[in-house]
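Residue numbers (my numbering): 2 to 202.
Okay, structure coming up:
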């Protein structure tokens, strides 16, 4: 039979209080590594200060992650999580090749900021897309934390590529739908990308 050595309480921003026992671990809020000489936590990519409720360095993807480079969980930790400071994105770009260009078609793909990998129909195993900051239209998938592996596995497991039936857009829809998430990117199969539309307004 095991005994409880310590219990912690956390506020929404990650400030912790020992409620039972004595401080016994350096694993803190959202499994961050806790630095014992302060309120700084460390993830694989950035430091986080629970007192400030902010990341300590800029988001490596710049404004694609939002207008505030240091914001944690979109400044709403009750609704969102951001344990790595990174995210799953849905990106689109103009299609390549004579047929895609003739139909003014677009290509859609997933971008995983945890490791800089991507996946889209017809290039699941050899994806070389640019992701956020590359000029492609990329939108962060809200509430995808903890579902990244399932989303990428779903994409890589999709069947034969058939335009309009089983293509990059249906892959994104099916994989996000299977994870109970919504596609934040409103670019369609054909026509202009959203960034181009915005510039014309």
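We put the CB at the ideal spot given by N, CA and C, even for glycine. Computed from a predicted structure; not experimentally measured.
What span of residues does the alpha helix (DSSP H) with residue i cover, start to end?
i           : result
residue 100 : 99-103
residue 152 : 149-157
residue 171 : 169-179
Cα-Cα, which of the options is closest to residue i?
i           : options               : result
residue 188 : 115, 96 and 120       : 96
residue 113 : 60, 142 and 21        : 142
residue 178 : 190, 50, 98 and 144   : 144
residue 1   : 14, 41 and 20         : Residue 1 falls outside the range modelled here, since the chain spans only 2 to 202, and no answer is possible.
residue 60  : 183, 173 and 88       : 88
residue 181 : 192, 129, 146 and 157 : 146
residue 5   : 21, 14 and 15         : 21
residue 162 : 176, 122 and 130      : 122
residue 140 : 3, 55, 98 and 183     : 183
Please classify residue i as buried or exposed, where buried requires at least 16 other C-beta atoms within 10 Å of its C-beta.
i           : result
residue 1   : This structure cannot settle anything about residue 1, because the visible part of the chain is limited to 2 through 202.
residue 108 : buried
residue 93  : buried
residue 105 : exposed
residue 51  : buried
residue 138 : buried
residue 130 : buried
residue 111 : buried
Check for me: the beta strand (DSSP E) holding residue i runs from which residue to which?
i          : result
residue 22 : 17-22
residue 89 : 89-95
residue 11 : 7-11
Measure the alpha-carbon distance for residue i versus residue j and round it to whole angstroms.
i           : j           : result
residue 58  : residue 12  : 22 Å
residue 196 : residue 18  : Here the model assigns residue 196 a pLDDT of 49, short of 50, so the residue's position is not dependable and the matter cannot be decided.
residue 70  : residue 160 : 38 Å
residue 155 : residue 133 : 21 Å
residue 185 : residue 157 : 20 Å
residue 77  : residue 16  : 15 Å
residue 43  : residue 10  : 19 Å
residue 201 : residue 136 : Caution applies to residue 201, whose pLDDT of 38 falls short of 50 and renders its modelled position unreliable; the value that the coordinates give is listed next. The straight-line gap from Cα to Cα measures roughly 17 Å.
residue 192 : residue 7   : 57 Å
residue 48  : residue 116 : 17 Å
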